[in-house]
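J.:
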Amino acid sequence: MEAEEKLALKRQEEAQNRAAMDVKWDELRTKELLLKESFISFNKFIRENQEKRDRAERKMADDEEALERKTRETQAMRMRVQEMEHVKMMMEKQVQDYTIYEEYLMAVVHKYPEFKQPLDVLNRYEALAAAKFTLADRQEHDLEMLENARQEIASLTEEKKLFIMGLNNKLANLRWEYDQVRNRVIKWELALHRLKETAAARHVELCHVKSAIYSLYVKICKQKGMSIDVKTSDFEQQLVVIMRALLELKKIYRIAQKRSREKDAASMPPST
């Protein structure tokens, strides 16, 4: 009866261990799924940040190209203004010459039919001067617009640089978090591997124990001339047969000890 109680306690303990192991397996599976989902979300976030960074860099390159184009246009405009100023200087010299030498101006009027009188030459000069003033005013306006555009582009470039620096810092933090998560995953994988090894070792040990129980059961049945009618998988019933045999052997051993003591007592000579 004591052996059956121990066997029942052993079965109950084994069932509790099995239930605890099942709970641990379920927890590990749940954590594994959560880690996989977090990795998927993390990779998606990394790709989106990289795309934003690429767009910002392309925008910065376009802004720099626009600045260079405006600079080239400004240089071309300055060259045109210089040419017009040169023309103005030439015209002023001509007007002065015409003023000093009226006869020469009249000769010019006679030579060039488009001028009816010397005043027409002066009118032409004034028209050119007005055109020069208009060009200068337009140039100043264009230069002002260019300077504003340059300042705006510089401000935008600085803003984009700061934005990219922020993205780089955020990316560095995300990489650090990724390393932390990866380390935790490796830790859980190692724990899972050790748990699997422990479970496998327990399974192998259990198989050896069952095999030893069955071998002992077969040996006892053969020695006692009993039929081997218990299933190979029914190791609990095999243990019952083994425990009964052990109890019988224990009784036989006690009887043998008792008879040996009685025999030794009978063979001793009586005391005088």
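Following the UniProt record's numbering, the numbering of the sequence shown begins with 1 at its first residue and continues without gaps. We treat Cβ as the ideally placed atom computed from N, Cα and C, and that holds for glycine.
1) Nearest to LYS132 by CA position, among VAL81, LEU146, ALA15, is which residue?
2) Let's see if you can read the secondary structure: which residues bound the alpha helix (DSSP H) around TYR253?
3) Spatial neighbours of GLN139 within its chain, please: CB distance less than 7 Å, with the 5 preceding and 5 following residues excluded, ordered by chain position.
4) Taking only the alpha-carbon atoms, compute the straight-line gap between TYR178 and ASN17 and give it to the nearest angstrom.
5) Determine the contact status of residue 309 and MET243, defining contact as a CB-CB distance below 8 Å.
6) Between the beta-carbon of THR232 and the beta-carbon of TYR253, is there less than 8 Å?
7) Have a look at THR246 and LEU239 and give me their C-alpha separation to the nearest angstrom.
8) Does the separation of the CB atoms of LYS88 and LEU128 fall below 8 Å?
9) Kindly confirm or deny that the segment 63-78 and the segment 152-169 touch, where touching means at least three C-beta pairs closer than 8 Å.
10) Measure from the alpha carbon of VAL185 to the alpha carbon of each residue in LEU9, GLU73, SER227, SER38, then state which is nearest.
11) Mark ILE220 as exposed unless 16 or more other C-beta atoms lie within 10 angstroms of its C-beta, in which case mark it buried.
12) With C-beta atoms as the reference, is LEU206 less than 8 Å away from LYS24?
13) Using CA coordinates, which residue listed in ILE228, LEU143, ARG259, ILE153 is at the minimum distance from residue 308?
14) Starting from the Cα of LYS44, find the closest Cα among ALA19, LEU171, GLN237 and give me that residue.
15) Roughly how many angstroms lie between the CA atoms of MET91 and LYS161, to the nearest whole one?
16) When the Cα of ASN168 is compared with those of LYS258, LEU192, HIS110, GLU51, which residue comes out closest?
17) So LEU28 packs on LEU192, CB below 8 Å; how close in whole Å?
18) Indicate whether VAL204 and TYR217 have their beta-carbon atoms separated by less than 8 Å.
19) State the CB to CB distance for the pair GLN117 and VAL109, rounded to an integer number of angstroms; the pair is presumed to be in contact (CB under 8 Å).
20) Do you know whose CA, among HIS208, VAL241, GLN237, lies nearest LYS222's CA?
21) Look at residue 284 and ALA199 and say whether their C-beta atoms are less than 8 Å apart.
22) Determine the direct distance from the alpha carbon of ASP62 to that of MET84, and round the result to whole angstroms.
23) Apart from the five residues just before and just after ARG53, which ones in its own chain have a Cβ nearer than 7 Å to its Cβ?
24) My parser needs the alpha helix (DSSP H) runs of 4 or more residues fully inside the segment 166-205; what are they?
T.: Per the coordinate set shown:
1) VAL81
2) 235-267
3) MET77, VAL81
4) 35 Å
5) Residue 309 is absent from the model: the chain starts at 1 and stops at 272.
6) no
7) Residue 246 is actually Leu in this sequence, not Thr. Rounded to the nearest angstrom, the two C-alpha atoms are 10 Å apart.
8) yes
9) yes
10) SER38
11) buried
12) no
13) Examination of residue 308 is not possible in this model, given that the chain is present from 1 through 272 alone.
14) LEU171
15) 51 Å
16) GLU51
17) 6 Å
18) no
19) 6 Å
20) VAL241
21) The requested residue 284 is not part of the displayed model; the chain covers only 1 to 272.
22) 33 Å
23) ILE164, LEU167
24) none
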